[in-house]
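Following: one structure in structure tokens, then a few remarks.
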Amino acid sequence: MADSVSDLAGRARKLGLAGDFVSGHALIDQAGRLAGDDPEARAICALERGRLHNSAGERESARPLFGEAWRLARQAGAHALAVDAAHMLAIVGTLDGAVEWTATAFAYIGEHPEAGPWRAPLLNNLGWSYFDAGRFADALALFEQAVDLRRSAGEKREQRIARYAVIRTLRALGRLEEARRLAEETAAAAVAEGAQAPYVLEELAECRALLGDLDGARD
Numbered sequence: 000m001a002d003s004v005s006d007l008a009g010r011a012r013k014l015g016l017a018g019d020f021v022s023g024h025a026l027i028d029q030a031g032r033l034a035g036d037d038p039e040a041r042a043i044c045a046l047e048r049g050r051l052h053n054s055a056g057e058r059e060s061a062r063p064l065f066g067e068a069w070r071l072a073r074q075a076g077a078h079a080l081a082v083d084a085a086h087m088l089a090i091v092g093t094l095d096g097a098v099e100w101t102a103t104a105f106a107y108i109g110e111h112p113e114a115g116p117w118r119a120p121l122l123n124n125l126g127w128s129y130f131d132a133g134r135f136a137d138a139l140a141l142f143e144q145a146v147d148l149r150r151s152a153g154e155k156r157e158q159r160i161a162r163y164a165v166i167r168t169l170r171a172l173g174r175l176e177e178a179r180r181l182a183e184e185t186a187a188a189a190v191a192e193g194a195q196a197p198y199v200l201e202e203l204a205e206c207r208a209l210l211g212d213l214d215g216a217r218d
């Protein structure tokens, strides 16, 4: 049952990201009828309906749904799903709330190591919360931890994304030479892997321009 619900919920998430919230909610309605009393399936429905509301800018509607998903997923023993719900609760709250929910999620992972792959995303999301609040040094520390986790897991694409966050934050801190060097290293690694890193290249151009290397910024 949960697999069928997950399929519908996944399609609903894609519709939400495309801005088609009405169709997304209709799919969650369908998934909800399939879910019945199954706590994991109901958690999936609550989580993805919450994401639809959040994508639509309706955080107040999203928050209780994420709370319901957190409760139901723990009841079902769906530990990764529970941490997903906690990470969404961190996203839709205040900075203090993000700190609290991230700590709650890490404590839960400590009890349920199978949810461990959520550590890096949790650090990344809290890092951006700090960044948006102008607390760049706090953000940098978290982003660097996320890079280390991605490196240890051998996740090259995710490591590039994590490095982008470090580069952007170094630039915000005015540490332009460090940002430029890391951007050059990351861009070169992407080329060697046959991958694309457009956001890293944008940061590299910004750093070069700020350092007075206008020719390099245009490359």
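Numbers 0 to 218, taken from numbering that gives the first Met the number 0, label the letters of the sequence shown in order. No residue lacks a Cβ here, since even glycine has one placed at the ideal position from N, Cα and C.
message = On the CB-based measure, 16 or more other CB atoms within 10 Å of its CB, does Ala61 come out buried or exposed?
response = buried
Burial state of Val91 (16 or more Cβ within 10 Å) = buried
inquiry  = Applying the 10 Å Cβ sphere with the 16-neighbour rule, what's the burial state of Arg32?
reply    = exposed
message = Using only the alpha-carbon positions, how far apart do Leu169 and Leu125 sit?
response = 17 Å
query = From Gly23 to Ser5, what distance separates their C-alpha atoms?
reply = 13 Å
inquiry  = Please give the ranges of any alpha helix (DSSP H) in the stretch 117-162, keeping only runs that are unbroken, at least 4 residues long and fully inside the region.
reply    = 118-131, 135-151
Spatial distance of Leu26 from Val82 (CA atoms) = 23 Å
ask   = Comparing alpha-carbon positions, which option in Ala191, Leu210, Arg179 lies nearest Leu200?
value = Arg179
request  = Throw me the rounded Cβ distance for the Ala196 and Ala208 pair, which I believe falls under 8 Å.
outcome  = Actually they do not touch by this definition, with Cβ atoms about 18 Å apart.
request  = Decide if Glu74 is buried, meaning its Cβ has at least 16 other Cβ atoms within 10 Å, or exposed.
outcome  = For the sequence presented, residue 74 should be read as Gln rather than Glu. So Gln74 ends up on the exposed side.
inquiry  = Let's test the definition: count the other Cβ atoms within 10 Å of the Cβ of Ala164 and tell me whether it reaches 16, buried, or not, exposed.
reply    = buried
key: Beta-carbon spacing of Pro112, Leu71 below 7 Å   = no
task = Give a yes or no on contact between the stretch 10-19 and the stretch 48-56, applying the rule of three or more CB pairs nearer than 8 Å.
result = yes
query = Between Phe130 and Ala119, is the Cβ-Cβ spacing less than 7 Å?
reply = no
query = In three-state terms, what does DSSP make of Ala170?
reply = In the sequence as displayed, the identity of residue 170 is Arg instead of Ala. Arg170 falls in the helix class under three-state DSSP.
Any C-beta of chain C under 7 Å from that of Ala45 = You won't find chain C in this structure, because it holds only one protein chain.
ask   = Can you list, in chain order, the stretches of the alpha helix (DSSP H) that have 4 or more residues and sit fully within the stretch 59-106?
value = 78-91
ask   = With distances taken between CB atoms, is the gap from Ala79 to Ala114 smaller than 7 Å?
value = yes
message = Short of 6 Å in beta carbon distance, which residues of its chain neighbour Glu67, apart from the five on each side in sequence? Order them along the chain.
response = Ala45
query = Considering Leu200, what are the terminal residues of the alpha helix (DSSP H) in which it resides?
reply = 197-209
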